[in-house]
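Numbering (our numbering), first residue to last: 27 to 411. We treat Cβ as the ideally placed atom computed from N, Cα and C, and that holds for glycine. Computed from a predicted model, the values in this text were never measured in an experiment. First the structure, in the form of structure tokens, and then the observations on it.
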Amino acid sequence: MNDVTNLTPPAAVPYRPSLRISGHDWLLIFAAFALSRIALYGMGYFGVQLYGSPIGPFQAYCQFDCVWFQRIIENGYDLYPRWLSKGNAANWAFMPLYPMLAGGISSLLEVESLFGLMLVANLAFFASLPLMLLVLRQLKLGDETARFGVWLLAFSPFSAYFVSGYTEPMFMALMIGMFLFAYREQWMMVAVLGILISSTRNLGVMMVFPVLILAVQAYGIREFLRFSERTLKVILTLWLIPFGLFAYMVYLYHLMGDALAFKHIQVAWGRHMDSPLDWWMSGFELGGRKAYLSIMVMFGWALNGYLFYKKRWAEATLMFICCTIPLMTGLNAMPRYMFGLYPTLLAIILLTHRWPAIRPAVLCLSGMVASFIAVAFVNFKFFTV
């Protein structure tokens with residue numbers, strides 16, 4: 027007679043559809059990438075020809091943060107603040123992975139640093155397109171929705187940052203990859219990408235929260251309390267994700283004696299800690315571009331609320347954290363922070379999944395905004411910062 031008391035229920039098998047991408051979908055990915063590059067670099071070129079100093083499209087897109095990355099590649103990290111009009115800024119605010127990769131490519135190919143920055147940014151963005159297709163299939167949203175997600179990413183309203191010398195393309199690709207492998211419960215891949223994302227931007231360390239939420243949803247709290255083999259892998263992953271940021275902090279400590287210099291130097295850009303609601307209200311009081319930024323914050327809150335309504339707890343939590351922390355120090359750059367997040371695009375994709383008839387209008391509006399932002403960005407307009 028069998029001892030039924032020794033029987034245990036089989037472990038749930040995670041849903042893992044094939045990662046294979048068909049030839050038809052590769053054509054779509056290449057088309058979305060090529061058309062978005064042509065459109066955005068073209069808009070940048072005509073934007074500076076019409077409204078600014080005539081320069082090449084690559085140089086036109088090297089504005090704001092891109093210049094800081096060039097300085098890191100060419101001169102390394104500063105030993106003391108010496109930039110901006112007050113001489114109180116240093117490049118410590120910018121994480122090392124992106125300039126390290128771009129600088130390595132520049133040296134290998136013997137080209138200028140700007141080419142390396144643009145090449146890494148475009149390669150990272152290209153990688154984000156098939157990852158977006160796969161992650162939406164992983165969520166069982168269907169092929170049509172997945173393909174729409176690829177086009178939305180390629181022509182998102184603030185995609186000017188995906189063709190410039192910014193960390194947005196790397197941050198997006200790594201974030202989508204982490205969600206994809208977290209959905210599939212492949213924790214070691216999540217850990218590797220986590221180290222890279224926390225080396226790309228300091229907010230990358232916040233990926234520990236959605237990873238933890240997804241793991242708890244998959245295994246339950248009780249299994250974590252028992253420290254099973256599966257949950258030990260998750261715990262190791264959570265420990266490894268911040269490694270990139272911690273390594274940079276150690277470097278800064280040995281460089282100039284302040285492990286938190288990347289945070290403290292933010293005062294050079296007028297950022298200081300305050301209530302996010304106070305910053306939001308100040309935008310309407312000041313008017314102009316600040317009012318626009320406050321309106322964009324409201325739009326982000328609406329999308330974030332929709333994710334919570336759809337019970338996408340992991341994605342909604344990450345979006346809330348990654349939008350609230352920057353808002354605690356000011357309104358600047360809030361639109362690009364929001365649209366540089368996978369959860370923001372997921373919220374729009376989920377809305378169109380419910381009402382697919384609005385997809386053409388969403389893409390049309392998104393492309394129009396992207397064109398406007400691109401022209402403003404290459405002409406150094408500060409509302410695009």
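Exposure of residue i, with buried meaning 16 or more beta-carbon neighbours within 10 Å
i, result
"Leu33", "Interpretation of Leu33 is limited by its pLDDT of 40, a score under 50 that renders its predicted location unreliable; no figure is taken from the coordinates."
"Ala60", "exposed"
"Ala208", "buried"
"Ala199", "buried"
"Gly331", "exposed"
"Val30", "Residue confidence for Val30 is low, a pLDDT of 41 falling below 50, so the modelled location carries little weight; the figure read from the coordinates is stated next. Classification for Val30: exposed."
"Tyr279", "exposed"
"Asn358", "buried"
"Arg46", "exposed"
"Glu194", "buried"
"Arg42", "exposed"
"Ser48", "exposed"
"Pro386", "exposed"
"Met394", "exposed"
"Gln75", "exposed"
"Trp265", "exposed"
"Leu229", "buried"
Coil, strand or helix - residue i by DSSP
i, result
"Trp381", "coil"
"Ala317", "helix"
"Ile47", "coil"
"Met201", "helix"
"Asn405", "coil"
"Ser392", "helix"
"Leu66", "helix"
"Glu255", "helix"
"Phe184", "coil"
"Tyr41", "coil"
"Val413", "What is shown of the chain runs 27 to 411, which leaves residue 413 out entirely."
"Arg227", "coil"
"Pro413", "Residue 413 is absent from the model: the chain starts at 27 and stops at 411."
"Gln75", "helix"
"Tyr245", "helix"
"Leu238", "helix"
"Glu194", "helix"
"Tyr209", "helix"
"Gln85", "helix"
"Phe90", "coil"
Residue(s) in a DSSP beta bridge with residue i
i, result
"Trp109", "Ala115"
Residue i vs residue j beta-carbon contact at 8 Å
i, j, result
"Leu319", "Ala373", "no"
"Met412", "Thr370", "This structure gives no information on residue 412, because the portion of the chain shown stretches from 27 to 411."
"Leu123", "Ser190", "no"
"Pro183", "Ile399", "yes"
"Trp295", "Val323", "no"
"Leu155", "Leu135", "no"
"Val404", "Gly78", "yes"
"Met233", "Ile261", "no"
"Ala340", "Phe334", "no"
"Ala317", "Phe325", "no"
"Met360", "Leu353", "yes"
"Gly177", "Leu391", "Sequence inspection shows Trp at residue 177; the Gly mentioned does not correspond to that position. No, they are not a contact pair."
"Tyr103", "Ala147", "no"
"Leu127", "Phe84", "no"
"Ile291", "Ala150", "no"
"Ala285", "Val276", "yes"
"Leu110", "Ile131", "no"
"Val161", "Ile202", "yes"
"Tyr368", "Phe205", "yes"
"Arg227", "Tyr245", "no"
Distance cut-off 7 Å: residue i Cβ against heavy atoms of the ligand GDP
i, result
"Leu178", "For the structure depicted, the ligand GDP is absent and the ligand set is empty, with no information on it obtainable."
Checklist entry - What residue ranges within the segment 262–310 form continuous beta strand (DSSP E) runs of no fewer than 3 residues, ordered along the chain? => result none
Item to check | 4 or more residues per run - each alpha helix (DSSP H) lying fully within the segment 93–168 | outcome: 123–135 and 139–164
Next on the checklist: So within the segment 311–374, which uninterrupted beta strand (DSSP E) runs reach at least 3 residues, ignoring any that extend past its ends?
Outcome noted: none
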